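K.L.:
Here you go, one structure.
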Amino acid sequence: MSELHEPLLAWYDAHARDLPWRGDGATPWSVMVSEFMLQQTPVTRVEPVHRLWMETWPTPADLAAAPSGEAVRAWGRLGYPRRALRLHAAATAIVERYAGEVPSSYDDLRALPGVGDYTAAAIATFGYGRRHAVLDTNVRRVLARLVSGVELPPVAATAGEKRLAESLLPHDEGDAATWSIALMELGALVCTAARPRCEACPVVGECAWRAAGYPAYDGPPRKGQTWAGTDRQVRGRLMAVVREAEGAVPKPRLDRAWDDDTQRDRALASLLTDGLLVETPDGYALPG
DNA sequence: AAACCGTGGCG
DNA sequence: TCGCCAAGGTT
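Shown next as structure tokens:
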């Protein structure tokens, strides 16, 4: 089609990582599990957890039959444990609405808990070979550089980016899926946020950012997430204690996880509200 | 729609 | 060292 497709597809064929949710062994469910885990978490940390998860719960029905707390425990230290809860809820919905089969349409997927625009497009595309624009942080950055000639995409995804991604999508369904995963892989391995490896880029000759002389990002400041001292840190501490415990954790033991009483209790209350913890006669535990 | 939600690796 | 960032979603 364009001067972009052939070199990128060839590059992907030669350089794609061999990941458990790709290739012959992959199922729509394994793709779906990977997409949940990969929301804001790097591939290297997802891989081992994904393998164990698929051994434990090979189908949505297997996960739905387990207590949600088991999903949270198996989630381990991937971060954002609400994703584990949402994946469990999504599996339950799949059993109830679709007889245990991961749906293949974007709209059905999009209606599941924890599935937003990106994840719905990704599951439909990589799980079923459907043709959708898959606009993740990698694709947004690659297109910003390659086509728009800027270092970084806008802070929030725009309709223009969506239109651009759709306009570049190969017409053939199979090619479209490979094109999208190739764009993502290029962003992950070569066209990285910091220190892009342009010398290894298969489409460097077409790159608008390079042609413009690599102008630095000049948009609105991108807010970094604060961490130290936030409720998120406290929640993480509390969850780590309960996750690593056998059964319920007595309140005094949780109290040791954070000094500030007010903040600790607020964090604990929010975990209960989220359903990540439950209160029992013996203390606090993962939901049964 | 801006803020919130974990965790760890890297330069 | 420490800020940045990693296949986002929800409210």
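Numbering (UniProt numbering), first residue to last: 1 to 288.
The C-beta atom is built at its ideal place from N, Cα and C for all residues, glycine as well.
Predicted model, so just to flag it, every value in this text is computed and none were measured.
Jot down the residue ranges of each uninterrupted alpha helix (DSSP H) in the segment 173 to 227, minimum 4 residues, whole runs only, in chain order.
P.N.:
Counting only runs of 4 or more, we get 173 to 189, 208 to 211.
K.L.:
Tell me which same chain residues have a C-beta within less than 6 Å of the C-beta of G187, skipping the five on either side of it?
P.N.:
So the qualifying residues of the chain are N138, R141, V142.
K.L.:
According to DSSP, is G236 part of a helix, a strand, or is it coil?
P.N.:
If DSSP states are grouped into helix, strand and coil, G236 belongs with the helices.
K.L.:
Per DSSP, E279 is paired with what?
P.N.:
Y284, per the DSSP bridge assignment.
K.L.:
Where R51 and L78 are concerned, what is the direct C-alpha to C-alpha distance, given to the nearest angstrom?
P.N.:
Near 13 Å, if we compare the C-alpha coordinates of L78 and R51.
K.L.:
Give the single residue among D175, A176, Q40 whose Cα lies nearest to the Cα of G114.
P.N.:
The residue with the shortest Cα to Cα distance from G114 is Q40.
K.L.:
With DSSP as the reference, please indicate the residues paired to V249 in a beta bridge.
P.N.:
In DSSP, V249 forms a bridge with Y284.
K.L.:
At the level of alpha carbons, what is the spacing between P28 and A208?
P.N.:
Going by the C-alpha atoms only, they are around 36 Å apart.
K.L.:
Is A64 helix, strand or coil when you go by DSSP?
P.N.:
Three-state DSSP puts A64 in a helix.
K.L.:
In the structure shown, what three-state DSSP assignment does H88 receive?
P.N.:
If DSSP states are grouped into helix, strand and coil, H88 belongs with the helices.
K.L.:
Figure out for me which residue from K251, D259, D274, D260 has the closest Cα to the Cα of G283.
P.N.:
The residue with the shortest Cα to Cα distance from G283 is K251.
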